[in-house]
Amino acid sequence: MLDLSELFHPDTFLNALRQETARLMSCSMDSLKFVASWRGQITEAKLQVKVGGLQLEGCSFDGNRLSESHHDSPSVSAVPACYMAWIPQSAVGSYSPDECISLPVYSSAERLCVVTNVQLPCAGDHDTWIQSGAALFLKQQ
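All the letters of the sequence shown, read from the start, carry residue numbers 149 to 289 under the working numbering.
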């Protein structure tokens with residue numbers, strides 16, 4: 149399992165993963181889309197990486213769906229490990245668009261630099277998660 153926070157440039161690593169995937173699939177990098185799955189390995193992926201060490205602020209996530217934070221919940225919680233990969237644009241991702249929301253993954257809790265965006269399964273209205281300020285960031289070393 150890879151902890152992206154241990155890398156100096158996690159965005160560069162994810163782009164290298166995209167380049168290598170495109171090479172293996174003999175396609176252009178622009179024809180690939182980035183996906184994440186908490187349901188297990190991504191079947192459409194030629195290359196994938198299991199990623200851990202992500203932190204979530206603004207809500208909670210148990211690996212199945214987002215849930216609202218309670219008044220006694222910690223402001224930041226650990227997210228279960230997931231698989232990340234680049235797959236063809238035409239391939240079906242791990243989640244349908246209506247059952248997930250795209251959240252940014254920041255390099256730190258200060259939210260200054262976006263590393264990537266990931267789809268997290270959620271229940272209910274997307275506005276709820278936007279208003280809660282939900283975002284992921286890399287674990288601080």
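Here a beta-carbon is modelled for each residue, glycine too, at the ideal position from N, C-alpha and C.
**Item:** Candidates S208, G281 and T169, of which the one nearest D220 by Cα
**Value:** Walking along the sequence shown from the start, residue 220 turns up at place 72. Closest by alpha carbon: S208.
**Request:** Report back the beta-carbon spacing between P269 and S179 to the nearest angstrom; my notes put them in contact at under 8 Å.
**Result:** Reading the sequence shown from its first residue, position 121 is the one you call residue 269. Reading the sequence shown from its first residue, position 31 is the one you call residue 179. Not a contact, Cβ separation roughly 25 Å.
**Prompt:** In the structure shown, what three-state DSSP assignment does L162 receive?
**Reply:** Along the sequence shown, read from residue 1 onward, the residue named residue 162 stands at position 14. Three-state result, L162: helix.
**Bounding residues of the beta strand (DSSP E) (the contiguous stretch that carries Q189)** = By 1-based counting over the sequence shown, the position of residue 189 is 41. Careful: Q189 lies outside any beta strand (DSSP E) and carries neither H nor E.
**Asked** Can you tell me where the beta strand (DSSP E) with Q279 in it begins and where it stops?
**Response** The count along the sequence shown starts at 1 and reaches residue 279 at position 131. No beta strand (DSSP E) holds Q279; the alpha helix (DSSP H) holding it covers H274 to Q279.
**Residues sharing a beta bridge with L150, DSSP** = The residue given as residue 150 occupies position 2 in the sequence shown. Answer is V199, bridged to L150.
**Asked** Among N212, R171, S250 and T169, which one has its Cα closest to the Cα of D275?
**Response** Position 127 of the sequence shown, counted from the first residue, corresponds to residue 275. Cα-wise, what sits closest to D275 is S250.
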